[in-house]
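**Student:** To start, I am sharing the structure in question, which I have written as structure tokens.
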Amino acid sequence: MRSHLGRTKLLAAALALAGSTVVAAPAQADANPYQRGPDPTEASVTDAKGPFATATVTVPAGGGRGFNDGVITYPTDQSQGTFGAIAVMPGFVSPEGAIEWYGQRLASQGFVVLTLDSDNPFDLPGARKDQLLASLDYLITKSPMKDRIDPSRLAVMGWSMGGGGTIEAAAQRPALKAAVGLAPWDISPPLGSVTTPTMLIADDTDVLAPTGLMAKPFYDGMSKARDKAFFELKNADHFTFTTPNDTIAKYVISWMKRFVDNDTRYDQFLCPTPTGNPAITQFLDTCPLK
């Protein structure tokens, strides 16, 4: 009888342990509180519309301090918690419309995105850096979307001189989670001060920000950036970045997801270093990602 009771108790204990293990498994799967959206696929990171429905709100001139105006594109879903936020800056003498398409692509993947007009179309990278950082401060303190944003998960992005401003912003504010420079133009950005995970995207026929003079030396010079990436588009030019492009979108989305959301599901698109893409002439990064 004692033997039978002992076996019964052991069986009950085993079942209780198994039950606790089954309950704990989903908690482990959901250990990242910043993960948003379904598992990514090649189709999802190149789709013009991601899994989140979006809406927009205009920020008029004077709506915030330290920057001009812009458009906030944001996910309408409020069931998954707050989102990371990204400020995007255009290039020399270029309007917000030149980088507008990034707002829709990124917001539909689960980010609040502010695409900007510069204060002055002739602003140099240093001024664009100040405006990027000021616009992030506005997003988390004054904007109508402030309650939907996690203020600890912010990023910057820019094209041409906006890309130079992006590098300078990352150098000045190391708490930023990610930065992406598109055909970045700058004279002497503080590369050695960049620790933020930074991706630089160039093109192979650029005469305004030649890869060999700008993006590639900038990548090499970011010696303190533990996580960095660089790639060059084939048969592209400086203005390729102003119209929707699935290759650009794929890696921008993956970079922002990986570092703003800490979402390792996107490692598959970044590591090992992508090869064999006919749209890319060269791709460098610091795999493995941390």
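When the letters of the sequence shown are read in order and numbered with mature numbering (1 follows the signal peptide of the UniProt record, and there is no 0), they come out as residues -24 to -1, 1 to 266. The beta-carbon is built from N, C-alpha and C at its ideal position, and this holds for glycine as well. Treat the numbers as computed from the prediction; the structure is a model and nothing was measured.
(1) Contact between the region 124 to 137 and the region 102 to 110 is defined here as three or more beta-carbon pairs at a separation below 8 Å; is this criterion met?
(2) Over what stretch of residues does the alpha helix (DSSP H) that includes R104 continue unbroken?
(3) Alpha carbon to alpha carbon, how far is A7 from F98? Give it in angstroms, no decimals.
(4) Would you call P248 buried or exposed, if buried means 16 or more other Cβ atoms sit within 10 Å of its Cβ?
(5) Nearest to G60 by alpha carbon, out of D45, Q11, M137?
(6) In chain order, what are the residue ranges of uninterrupted beta strand (DSSP E) at least 3 long that sit wholly in the region 32 to 101?
(7) Measure the alpha-carbon distance for Q80 versus T34 and round it to whole angstroms.
(8) For A146 and M121, what's the separation of their Cα atoms in angstroms?
(9) Check whether the region 233 to 252 touches the region 160 to 170, counting contact only when three or more Cβ pairs, one atom from each stretch, lie closer than 8 Å.
(10) Who are G252's beta bridge partners in DSSP?
(11) Under the three-state reduction of DSSP, which class applies to F259: helix, strand or coil?
(12) Flag this pair as yes or no: are the beta carbons of Q85 and K233 separated by less than 9 Å?
(13) Output the boundary residues of the alpha helix (DSSP H) element that contains K192.
(14) Mind checking who W135 pairs with in its DSSP beta bridge?
(15) So what does A205 bridge to, in DSSP terms?
(16) Is the Cβ-Cβ distance between G197 and I177 less than 9 Å?
(17) I'd like to check one pair, P127 with I116: are the Cβ atoms closer than 9 Å?
(18) Along the alpha helix (DSSP H) that carries V183, what are the first and last residues, could you check?
(19) Going by DSSP, name the residue or residues bridged to L130.
**Tutor:** Inspection of the coordinates gives the following:
(1) yes
(2) 101 to 117
(3) 46 Å
(4) exposed
(5) Q11
(6) 45 to 51, 59 to 65, 87 to 93
(7) 14 Å
(8) 23 Å
(9) no
(10) Looking at the DSSP assignment, G252 forms no beta bridge with any residue, so it has no partner.
(11) strand
(12) yes
(13) 191 to 197
(14) L158
(15) M175, D261
(16) no
(17) yes
(18) Per DSSP, V183 belongs to no alpha helix (DSSP H) and is neither H nor E.
(19) A61
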